[in-house]
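*Asks:*
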Amino acid sequence: MIYKKIILTNYIFFSLLFISIIGCNEESVTPKNSPPVITSINVFPSSVQLSDSFAVVCSAYEPDGDSLFYDWFCTSGAKIKGADNIVPWILYHTKENIRIFYSPDSVSNQIDSIRIDCNVRDGKGESKSTHIFVGIIR
398 MIYKKIILTN YIFFSLLFIS IIGCNEESVT PKNSPPVITS INVFPSSVQL
448 SDSFAVVCSA YEPDGDSLFY DWFCTSGAKI KGADNIVPWI LYHTKENIRI
498 FYSPDSVSNQ IDSIRIDCNV RDGKGESKST HIFVGIIR
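Take a look at the structure:
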């Protein structure tokens, strides 16, 4: 009978010890928010004449499965299809990873390319950016 009490006492002691050790190692788990991963950015065609249109595709994914949003910016007088007429070189919070752009009607002799920037966001605070250049044919 004494042996049974000792075995039972040891069993309870080690069970409580095991549970307390496991409980001490557990932390409140907050899911980690990973940034989007941009796999490529491409432009079609790679060079344009004045007043031509071109398309830019930014391929990305989100490791956590979150929805992605794309912010588009362009320079040198180029315009983004669908952007506001007041600020035609910026377009925020789109769900499409492809955009149509219009090269400027005229540019100074010093400019030989248009820079297109794409910022990819997951809507939870993480983002990644990339850019590409489009040549201007004169």
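Sequential numbering of the sequence shown, starting at 398, is according to the numbering used here.
The beta carbon of each residue, even a glycine, is placed where N, CA and C say it ideally should be.
Remember, it's a predicted structure, so these values are computed and weren't measured experimentally.
#1: Could you tell me whether the stretch 496–505 touches the stretch 448–456, using the rule of 3 or more Cβ pairs below 8 Å?
#2: What residues match up with residue 427 in a beta bridge as DSSP calls it?
#3: Using the rule of at least 16 other Cβ atoms within 10 Å of the residue's Cβ for burial, across every protein chain shown, is residue 404 buried or exposed?
#4: Going by DSSP, what residue range makes up the beta strand (DSSP E) through residue 341?
#5: Just to confirm the assignment, what range does the beta strand (DSSP E) spanning residue 512 have?
#6: Rounded to whole angstroms, what is the Cα-Cα separation between residue 459 and residue 471?
#7: DSSP state of residue 483, grouped into three classes?
#8: Which residues mark the beginning and the end of the beta strand (DSSP E) in which residue 437 is found?
#9: Since residue 436 contacts residue 464 with CB under 8 Å, what's their CB separation in whole angstroms?
#10: Strictly by DSSP, which residues pair up with residue 489?
#11: For my contact list, residue 518 and residue 524 are in at a C-beta cut-off of 8 Å; report their separation, rounded to the angstrom.
*Replies:* According to the structure shown:
#1: Yes, they touch.
#2: Note: residue 427 sits in no beta bridge, so no partner.
#3: For residue 404, the predicted model reports a pLDDT of 49, less than 50, meaning its position is unreliable; a value from the coordinates is still stated below. Looking at its Cβ environment, which holds fewer than 16 other Cβ atoms inside 10 Å, residue 404 is exposed.
#4: In the structure as shown, the chain starts at 398 and stops at 535, and residue 341 therefore has no counterpart that could be examined.
#5: Where residue 512 is concerned, the enclosing beta strand (DSSP E) stretches over 510–518.
#6: So the two alpha carbons sit approximately 24 Å from each other.
#7: Assigned with DSSP and collapsed to three states, residue 483 falls in coil, not helix or strand.
#8: Residue 437 -> beta strand (DSSP E) spans 434–441.
#9: By a beta-carbon distance limit of 8 Å, residue 436 does not contact residue 464. Their separation comes to about 17 Å.
#10: Residue pairing by DSSP places residue 489 opposite no residue, since no beta bridge is assigned to it.
#11: Sure, about 4 Å apart at Cβ, within 8 Å.
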